[in-house]
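Encoded as structure tokens, the structure appears first; notes follow it.
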């Protein structure tokens with residue numbers, strides 16, 4: 118009996134390796150479904166949410182036009198890069214206001230009209246470089262006139278422009294008095310900021326622009342002083358309209374949850390189907 122074992126019935130498969138491979142691939146698919154379902158359930162429990170700020174009364178907020186000198190002289194001393202970084206910080210603090218961005222050199226043009234979309238203003242500001250409007254001249258009065266036109270249909274009670282330059286107008290494209298007339302007609306306070314060497318800009322003209330519109334003139338020759346100026350303006354034109362805005366929250370947890378449930382049904386269906394077919 119020891120050497121003559123009883124023979125039992127057996128079924129031999131000629132392609133046993135193929136059967137093993139097929140079984141393994143089914144198991145891999147089931148495991149992938151399990152991991153995907155688990156990941157979707159975790160994402161659903163995390164409760165993805167998008168918050169949208171809704172302004173109910175935009176006449177109570179500020180509308181601020183940022184006017185930036187982008188002429189060649191702003192490249193000296195890294196002034197342009199420094200000023201852009203400070204402006205980005207200023208924009209980020211104006212939570213409930215509309216902002217616009219204009220630049221000038223040989224000519225002036227509007228980069229971004231008045232908008233609540235601060236990210237767009239910051240993105241465009243980051244992409245602006247010296248030479249985008251020429252390098253040789255300073256169309257300061259033209260920039261003031263063009264920026265003032267942005268407020269033609271404004272309903273805001275607080276309209277502000279912040280004009281920063283390191284030079285003086287030398288294009289004669291728009292007379293100063295015409296630019297001031299447009300600014301006063303639209304009731305805009307124009308804060309003027311001079312940076313760099315005092316010999317390069319006309320302090321009297323910048324002072325005249327500011328005082329004629331009910332604003333202030335500032336001068337700076339260092340990064341710290343420029344930061345202080347924008348902080349002062351931020352405080353002078355403080356906007357507090359929290360009672361006129363609310364946040365709309367959109368929840369998105371149902372999307373991963375629905376997909377997880379659908380995959381769960383597929384998982385049980387395939388598992389039972391494969392079990393019955395064995």
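Numbering (this note's numbering), first residue to last: 118 to 395. Idealized CB from N, CA, C, for every residue including glycine. The model shown is predicted, which means the values in this text are computed figures rather than measured ones.
What's the gap between the Cα of residue 388 and the Cα of residue 234? Position 271 of the chain shown, counting from 1, holds the residue named residue 388. Position 117 of the chain shown, counting from 1, holds the residue named residue 234. Spanning the two alpha carbons is a distance of roughly 50 Å.
**Asked** Out of curiosity, what's the CA-to-CA distance linking residue 317 and residue 225?
**Response** On the chain shown, position 200 is the one that residue 317 refers to. On the chain shown, position 108 is the one that residue 225 refers to. Answer to the nearest angstrom: the Cα atoms are 19 Å apart.
The beta strand (DSSP E) spanning residue 278 covers which residue range? The sequence position of residue 278 within the chain shown is 161, counting from 1. Note, residue 278: beta strand (DSSP E), 275-282.
Residue of 146, 332, 283 minimising C-alpha distance to residue 194:
By one-based count along the chain shown, residue 194 stands at place 77. For residue 194, the closest alpha carbon among the candidates 146, 332, 283 is that of 283.
Practice item. Could you check what DSSP says for residue 318 in three-state terms: helix, strand or coil? Key: In the chain shown, counting from the first residue as 1, residue 318 sits at position 201. Three-state DSSP puts residue 318 in coil, outside helix and strand.
message: Which residue marks the beginning of the alpha helix (DSSP H) containing residue 306, and which one marks its end?
response: Position 189 of the chain shown, counted from the start, is the residue given in the question as residue 306. No alpha helix (DSSP H) contains residue 306, which is instead part of the beta strand (DSSP E) from 305-312.
| query | How do the stretch 179-189 and the stretch 147-158 stand: do at least 3 beta-carbon pairs fall below 8 Å, yes or no? | reply | no
According to DSSP, is residue 346 helix, strand or coil?
On the chain shown, position 229 is the one that residue 346 refers to. Note: residue 346 maps to helix in three-state DSSP.
Identify, in the order they occur along the chain, each residue of the same chain with its Cβ nearer than 6 Å to the Cβ of residue 324, setting aside the five sequence neighbours on each side.
-> For this step, residue 324 is matched to residue 207 along the chain shown. Taken in chain order, the residues that qualify are 334.
For residue 266 and residue 377, what's the separation of their Cα atoms in angstroms?
Reading the chain shown from its first residue, position 149 is the one you call residue 266. Reading the chain shown from its first residue, position 260 is the one you call residue 377. So the two alpha carbons sit approximately 54 Å from each other.
Notebook entry, point to check: How far does the beta strand (DSSP E) with residue 181 in it reach, from first residue to last?
Noted result: Here residue 181 is taken as the residue at index 64 of the chain shown, counted from 1. Residue 181 -> beta strand (DSSP E) spans 179-186.
Beta-carbon separation (whole angstroms), residue 196 vs residue 313, contact threshold 8 Å: For this step, residue 196 is matched to residue 79 along the chain shown. For this step, residue 313 is matched to residue 196 along the chain shown. Contact flag correct, Cβ pair sits at about 6 Å.
C-beta atoms of residue 239 and residue 291 nearer than 8 Å: The residue you call residue 239 lines up with position 122 of the chain shown. The residue you call residue 291 lines up with position 174 of the chain shown. Cβ distance not < 8 Å, so residue 239 and residue 291 don't count as in contact.
Round the Cβ separation of residue 231 and residue 180 to the nearest angstrom and send it over; I've been treating them as touching at under 8 Å. Locating residue 231 in the chain shown gives position 114, counting from the first residue. Locating residue 180 in the chain shown gives position 63, counting from the first residue. Contact flag correct, Cβ pair sits at about 6 Å.
Discussion item. Check for me: the alpha helix (DSSP H) holding residue 407 runs from which residue to which?
Written reply: Nothing can be reported for residue 407, as the shown portion of the chain is limited to 118 through 395.
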